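Colleague:
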Amino acid sequence: MPQFDFLIIGSGIAGLSYAAKLARHFDELKQEISIAVITKVQADETNTKYAQGGIAVVWAESDSFEKHIQDTMDAGDEVNKRNIVEIVVREAPQRIQELIDYGTRFDKEKGGEYDLAKEGGHSDHRILHFKDITGAEIERALLEEVNRHKSIQVFTHYYAVELITQHHLGETVYRYREDIQCYGAYVLNRQTGEVEKFLAKTTMLATGGIGNIYQSTTNPTIATGDGIAMAYRAKGVCDNMEFIQFHPTSFYQPGQKPSFLISEAVRGFGGILKRADGSTFMEIYDDRLSLAPRDIVARAIDSEMKKNGVDHVYLDVRHLDYDKFLEHFPNITEYCLKSGIDVRKDMIPVVPAQHYMCGGIKVNEWGKTNINFLYAVGECSCTGLHGSNRLASNSLLEAVVFGHRAYESTVESFNKAITPSNIPEWDDSGTTHPEEQVLVTEMTRELNSIMSNYVGIVRTDRRMKRAYDRLELLHEEHEQLYRESKVSVAICELRNMISVSYLIIKMAMARRENIGLHYNSDHVNSEHAHSDRVHSDRVQSDQIHSTRIH
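If you're matching positions, the sequence shown starts at 1 in UniProt numbering and goes up one per residue.
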């Protein structure tokens, strides 16, 4: 039975930066500790790896904290928590310098200064980047740093099934109970097929996004909302789940999952959105044209597609200096060429795809959830930074700032956590391996259809009601399969995606105003009006706990 001081579920920028900070701290104290990082595939397969554009930080003398703060508030329609925005923006330079100290490379100009890019919604050049694979570069540096510390064990091909709380000791755990405590997680060893107990004094959820509930997403296949769903089943509070960011420009390639991302930085570099005939259209929708915030651009493209009966629009970079474009975007240029698009003479076909979850597990300014000794950082969390719409390149920044703040809080409370000795083993007696995997496959397709068709970029009351009704039937069907089956990644991922979809629909139905990423065409006259949405912690769970722990 593995027992650790710290359990980190997820190996992206949030989880790894947190682990590295913990290891360094206790190394300096010459105190032996044990840190487990679990990841359901290989360690570098994370949402971080797929982040192309960069990481936002006030670096240039022409820029200021106040400008970055206001840009973030503007993008989020002032739904953001201003104190959190100020914390993230003001702490950013120090956190970015730490990434550089770990060995992260960012592109520089010939004079040696960092090459700062500008993206949609930003009023100044403040995006540090490495080519068009910034996330992969940060991931590389962090993994190298983590591997330097003997106190950190990285468990690849381990899948977290359920958080362990007093519920598993036979106690009744209800949502408003203030003494809920996390003791670790039940984890599926994918090589043996056995569910193991990973006990820990402190647990961190750094599980990334939810993209695979949709038919088209830029997220990797591992992004199935596992952390959010596990926290919710454990009576954790979730918030702002209705705010789903669709990236305006994924490469149009029907059936491809994940969708290849054409970075926002391409528009920041001078790319222009156009129709098939070469005419522009963004001037109809926003004075900022192709550099308007993502929610506006995504809705504009969606409108153009519906109005003209087409499957995509185009991003034109033919007028740009090709050599400079290739230098900045080698990966995008190569992918386009392999797909039959020569950016020197062809426009790039693009279409919106689900990209980022602005809501998640509600945390405070230290990354703490309402469950004691459980933290959440990165895309699975809701800090209040993004409000109703994330500003480009603020996500990696949020993860590294809150990874640090969670580390500071964890160290402070380290000796207060007690792990009970009577936590039961996982009991799957009476279950069998499902004979037909096709059931899970078909239910996943149905879920993707429900969310994509009814809870996408533009919503209506009728569509969301239909989505809710269909999801309820799907939930009942899947829960029966879950109770009867041995644990598998596919079955658990689908369970989690259904839970996350429920939260998104429930909160979207409760919001009666159009703001940020939530746009209901039945409420076009209610924009920025008072919202009577039910606060997220009052959305009671329709899910059931596992009956396999005795």
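Using N, Cα and C, we set each Cβ at its ideal position, and we do this for glycine too. Just so you know, these numbers come straight off a predicted model, no measurement behind them.
Could you give the distance in angstroms between the alpha-carbon of His25 and the alpha-carbon of Gln31?
Modeller: 9 angstroms
Colleague: Tell me where the alpha helix (DSSP H) around Ala510 begins and ends.
Modeller: For Ala510, the enclosing alpha helix (DSSP H) stretches over residues 489-510.
Colleague: Keeping to the same chain, check which residues put their C-beta closer than 6 angstroms to that of Ala298; ignore five residues upstream and five downstream.
Modeller: Phe246, Pro248, Pro352, Ile457
Colleague: Rounded C-beta distance between residue 553 and Arg466? I'm assuming under 8 angstroms.
Modeller: For residue 553 there is no data in the structure shown, the boundaries of the chain being 1 and 550.
Colleague: With a threshold of 7 angstroms, establish whether the CB of Val377 neighbours any heavy atom of the ligand FAD.
Modeller: Inclusion of the ligand FAD in the displayed structure is not the case, the ligand content being empty and no account of it being possible.
Colleague: Looking only at its own chain, which residues have a Cβ that is under 7 angstroms from the Cβ of Leu397, when we skip the five neighbours before and after it?
Modeller: Ile55, Ala56, Val57, Val88, Ala92
Colleague: Please say whether Asp115 and Gly387 have beta carbons closer to each other than 8 angstroms?
Modeller: Not in contact: Gly387 and Asp115 (Cβ atoms no closer than 8 angstroms).
Colleague: Just to confirm my understanding: we take Pro220, look at its own chain, exclude 5 residues before and 5 after, and list those with CB closer than 7 angstroms. What are they?
Modeller: Cβ within range, chain order: Glu45, Asn47, Tyr50, Pro258.
Colleague: So, with DSSP's three-state summary, where would you put Asp316?
Modeller: Reduced to three states, the DSSP call for Asp316 is strand.
Colleague: From Asn415 to Phe373, what does the alpha carbon distance come to, in whole angstroms?
Modeller: 11 angstroms
Colleague: For Lys21, which of helix, strand or coil comes out of DSSP?
Modeller: helix
Colleague: Under a Cβ-count criterion, where at least 16 other Cβ atoms within 10 Å of its own Cβ denotes burial, should Ala14 be classed as buried or exposed?
Modeller: buried
Colleague: Find out if the Cβ-Cβ distance for the pair residue 566, Leu385 is shorter than 8 angstroms.
Modeller: Nothing about residue 566 can be read from this structure; the chain reaches only from 1 to 550.
Colleague: Indicate the three-state DSSP secondary structure (helix, strand or coil) for Ile450 in the structure shown.
Modeller: In this structure, Ile450 counts as helix in the three-state DSSP scheme.
Colleague: What does the Cβ neighbour count give for Ser521, buried or exposed, with the cut at 16 atoms within 10 Å?
Modeller: exposed
Colleague: Do the stretch 497-511 and the stretch 216-232 meet, that is, are 3 or more Cβ pairs less than 8 angstroms apart?
Modeller: yes
Colleague: Just grab the DSSP bridge partners of Glu196 for me.
Modeller: Val187
Colleague: Nearest by alpha-carbon distance to residue 634: which of Gly309, Leu291, Asn448 is it?
Modeller: Any property of residue 634 remains undetermined from this structure, which presents the chain solely from 1 to 550.
Colleague: Applying the 10 Å Cβ sphere with the 16-neighbour rule, what's the burial state of Ala508?
Modeller: Ala508 is buried by the Cβ-count criterion.
Colleague: Would you identify the three-state DSSP class for Gln166, choosing helix, strand or coil?
Modeller: helix
Colleague: Roughly how many angstroms lie between the CA atoms of Met347 and Tyr314, to the nearest whole one?
Modeller: Rounded to the nearest angstrom, the gap between the Cα atoms of Met347 and Tyr314 is 6 angstroms.
Colleague: Can you find the residues in the same chain that come closer than 8 angstroms, C-beta to C-beta, to Thr218, ignoring five residues on each side of it along the sequence?
Modeller: Tyr50, Gly211, His247, Ser250, Pro258, Ser259, Phe260, Leu261, Ala353, Gln354, His355
Colleague: Residues in the same chain with beta-carbon distance under 7 angstroms from Val79, minus the five sequence neighbours each way, listed in chain order, please.
Modeller: Gly387, Ser388, Ile515, Gly516
Colleague: Grab me the residues of His518's own chain with a C-beta within less than 7 angstroms of its C-beta, minus the 5 sequence neighbours each way, in chain order.
Modeller: Apart from the 5 residues on each side of it in sequence, His518 sits with its Cβ closer than 7 angstroms to the Cβ of Glu242, Phe243, Ser388, Ala508, Arg511 in its chain, given in chain order.
Colleague: Run through the DSSP bridge pairs and tell me what Ala92 is partnered with.
Modeller: Paired residues: none, contrary to the question.
Colleague: Check for me: the beta strand (DSSP E) holding Ala36 runs from which residue to which?
Modeller: Following the DSSP letters along the chain, one finds Ala36 inside the beta strand (DSSP E) bounded by residues 35-39.
Colleague: Look up Ile127 in the DSSP assignment and give the residues it is bridged to.
Modeller: Ala56, Ala117
Colleague: Kindly indicate which residue of Tyr502, Asn189, Ser151, Met443 has the alpha-carbon position closest to the one of Tyr482.
Modeller: Met443
Colleague: Relative to the C-alpha of Ser449, which residue among Tyr214, His157, Glu171 is closest?
Modeller: Tyr214
Colleague: Are Leu391 and Ala75 closer than 8 angstroms when you measure CB to CB?
Modeller: yes
Colleague: Count Cβ pairs between the stretch 268-283 and the stretch 315-334 that sit closer than 8 angstroms; are there 3 or more?
Modeller: yes
Colleague: Would you check if the distance between the CB atom of Phe4 and the CB atom of Ala36 is smaller than 8 angstroms?
Modeller: yes
Colleague: For Glu137 versus Arg95, is the C-beta spacing smaller than 8 angstroms?
Modeller: no
Colleague: If Asp132 and Asn394 are in contact, beta carbons under 8 angstroms, what's the gap, nearest whole angstrom?
Modeller: Contact flag wrong, Cβ pair sits at about 18 angstroms.
Colleague: So, at 7 angstroms on beta carbons, what are the nonlocal neighbours of Thr431 in its own chain, with the 5 sequence-adjacent residues on each side left out?
Modeller: Glu484, Ser485, Lys486
Colleague: Keeping to the same chain, check which residues put their C-beta closer than 6 angstroms to that of Gln52; ignore five residues upstream and five downstream.
Modeller: Asp132, Leu261, Ser263
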